[in-house]
Amino acid sequence: MRVTEGVSSGAMPELPEVEAVVRALRPLVVGRKITSCRVLHPIAVRPSSGHGAKLAAARIEKSLRGRKVTGVTRLGKFLLMPLDRGIVAMHFRLDGQMVWFDSKETRGHIDVAIGFGKGTLGFVDRRHFGRVEFEEDPGKIAGLAKLGVDPLSKGFTREKFAQLLSKSTLPLKLFLLDQKKVAGIGNIYSNEAMWLARLKPMRRARSLSPIEAARLHKSIGAVLRRALKCCLHPAPNFRDPNWWFQGIEDILNVYGREGKKCRRSDGTILRTEQGGRSTFWCRGCQK
DNA sequence: CCTGCTACCTGATGGC
DNA sequence: TGCCATCAGGTAGCAG
Numbered sequence: 627m628r629v630t631e632g633v634s635s636g637a638m639p640e641l642p643e644v645e646a647v648v649r650a651l652r653p654l655v656v657g658r659k660i661t662s663c664r665v666l667h668p669i670a671v672r673p674s675s676g677h678g679a680k681l682a683a684a685r686i687e688k689s690l691r692g693r694k695v696t697g698v699t700r701l702g703k704f705l706l707m708p709l710d711r712g713i714v715a716m717h718f719r720l721d722g723q724m725v726w727f728d729s730k731e732t733r734g735h736i737d738v739a740i741g742f743g744k745g746t747l748g749f750v751d752r753r754h755f756g757r758v759e760f761e762e763d764p765g766k767i768a769g770l771a772k773l774g775v776d777p778l779s780k781g782f783t784r785e786k787f788a789q790l791l792s793k794s795t796l797p798l799k800l801f802l803l804d805q806k807k808v809a810g811i812g813n814i815y816s817n818e819a820m821w822l823a824r825l826k827p828m829r830r831a832r833s834l835s836p837i838e839a840a841r842l843h844k845s846i847g848a849v850l851r852r853a854l855k856c857c858l859h860p861a862p863n864f865r866d867p868n869w870w871f872q873g874i875e876d877i878l879n880v881y882g883r884e885g886k887k888c889r890r891s892d893g894t895i896l897r898t899e900q901g902g903r904s905t906f907w908c909r910g911c912q913k
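All the letters of the first sequence, read from the start, carry residue numbers 627 to 913 under our numbering.
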């Protein structure tokens with residue numbers, strides 16, 4: 627119940643949501659010069675060591691000012707904004723969002739405001755789990771270098787995926803959530819992919835047969851592409867501070883459906899805890 | 001190296 | 001009605 631409402635109120639951006647944000651952000655900032663950067667909530671730029679937020683804030687403000695945005699890309703759930711010198715990495719974690727103001731005037735609780743002359747890009751996160759980082763060397767962005775293969779990239783082949791699976795004893799669910807293995811899948815789409823592939827979340831990764839591994843590989847791609855399509859229609863609207871992706875719940879088959887009937891078998895959707903997180907699955911058709 | 005557990009946050013929820 | 005404990009979730013860091 628709560629989980630379902632969490633989805634509709636707009637949370638937990640995974641790969642498809644971040645990809646849609648990337649595409650919508652591109653025309654707003656690529657080629658433009660950053661005229662100012664204000665860190666209004668230093669926790670958003672705090673290094674993961676937990677200290678030095680003030681220093682980090684001063685550094686990021688100084689580093690971004692005067693730089694030109696050369697692109698907007700994505701790796702896993704990271705949104706990357708390469709500059710003519712250095713790179714900005716944003717991670718939305720659970721609740722992070724972007725807002726755009728056509729003027730210098732900003733409203734609401736902005737954590738980091740990046741000014742582009744007449745427009746301003748705001749990074750917002752009520753819970754302050756999300757992070758904005760700047761590094762001259764992308765390899766120094768925390769967590770970025772450790773990321774596994776992006777499931778929408780060319781490198782995500784059936785063979786590569788099967789090999790990754792064969793090396794892990796983790797339960798399937800935890801394997802899919804591990805960003806070091808495959809980067810970009812979160813709690814929602816991991817559940818959806820396992821349901822589509824008819825695989826039980828508790829199965830050990832390396833126990834999958836070649837046929838099952840191929841099925842999961844195909845399902846991951848299908849689930850993510852379908853979600854991306856949903857996220858692009860309608861396109862993200864950063865100008866509306868209350869904007870969030872619409873209609874995601876409609877394409878979900880298991881996530882948040884505890885107690886409801888499975889859409890393709892006689893089973894009832896169950897909720898089980900794995901690694902302290904909710905797993906939704908159907909005993910009737912996931913083996 | 002690998003896996004498991006917890007802290008980090010705050011809004012929503014539900015019990016009293 | 002109102003207060004307050006509980007819970008959700010992605011990731012880093014640490015323990016084993």
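By construction, the Cβ of each residue, glycine as well, lies at the ideal position given by its N, Cα and C atoms. Just so you know, these numbers come straight off a predicted model, no measurement behind them.
Are the CB atoms of residue j and residue i within a distance shorter than 8 Å?
i: Glu818; j: Leu878; result: yes
i: Gly812; j: Glu640; result: yes
i: Pro673; j: Ala683; result: no
i: Cys856; j: Gly882; result: no
i: Pro642; j: Ala831; result: no
i: Ser816; j: Lys793; result: no
DSSP beta-bridge partners for residue i?
i: Ile895; result: Cys908
i: Cys663; result: Ile740
i: Thr699; result: Leu706
i: Trp726; result: Leu747
i: Lys717; result: Checking the sequence, you will find His at residue 717 rather than Lys. His717 pairs with Phe704 and Arg757.
Between residue i and the rest of its own chain, which residues show a CB-CB distance below 6 Å, the 5 nearest in sequence each way excluded?
i: Val738; result: Val665, Ala670, Phe749 and Val758
i: Leu690; result: Ile660 and Cys663
i: Gly722; result: Asp751 and Gly756
i: Val644; result: Arg700, Lys703 and Leu705
i: Arg897; result: Glu884, Ser904 and Phe906
Among the options, which has the Cα closest to the Cα of residue i?
i: Phe704; options: Ala771, Arg658 and Ile686; result: Ala771
i: Lys807; options: Lys826, Leu773, Ala831 and Leu796; result: Leu773
i: Gly885; options: Phe906, Arg752 and Trp869; result: Phe906
i: Leu709; options: Arg693, Asp892, Thr699 and Ala650; result: Arg693
i: Leu834; options: Thr795, Ile874 and Pro642; result: Thr795
i: Ile736; options: Phe864, Arg890, Cys888 and Pro797; result: Phe864
i: Phe760; options: Gly901, Pro867 and Ile740; result: Ile740
i: Leu802; options: Thr696, Cys888 and Gln900; result: Gln900
i: Pro836; options: Pro797, Arg829 and Leu791; result: Leu791
i: Arg652; options: Arg890, Ile814, Pro862 and Ile895; result: Pro862
i: Asp876; options: Ile814, Val647 and Pro827; result: Ile814
Just to confirm my understanding: we take residue i, look at its own chain, exclude 5 residues before and 5 after, and list those with CB closer than 8 Å. What are they?
i: Glu838; result: Ala823 and Leu825
i: Lys766; result: none
CB-CB under 7 Å to residue i, same chain, minus the five flanking residues each way: which ones, in chain order?
i: Leu720; result: Ala637, Met638, Arg753 and Phe755
i: Pro764; result: Ile713 and Leu770
i: Gly910; result: Cys888, Ser891, Asp892 and Gly893
i: Gln805; result: Gly702, Leu773 and Gly774
Under the criterion of a Cβ to heavy atom distance below 7 Å, does residue i qualify as lining the ligand NAD?
i: Phe801; result: By its list of ligands, the structure shown contains no ligand whatsoever, and the ligand NAD lies outside what it can speak to.
Exercise. For the 8 Å Cβ check, are there 3 or more pairs between the region 723-733 and the region 741-748?
Worked result: The answer is yes - the region 741-748 touches the region 723-733, with three or more Cβ pairs under 8 Å.
Exercise. Below 8 Å, can you find three or more Cβ-Cβ pairs linking the region 785-794 to the region 835-851?
Worked result: yes
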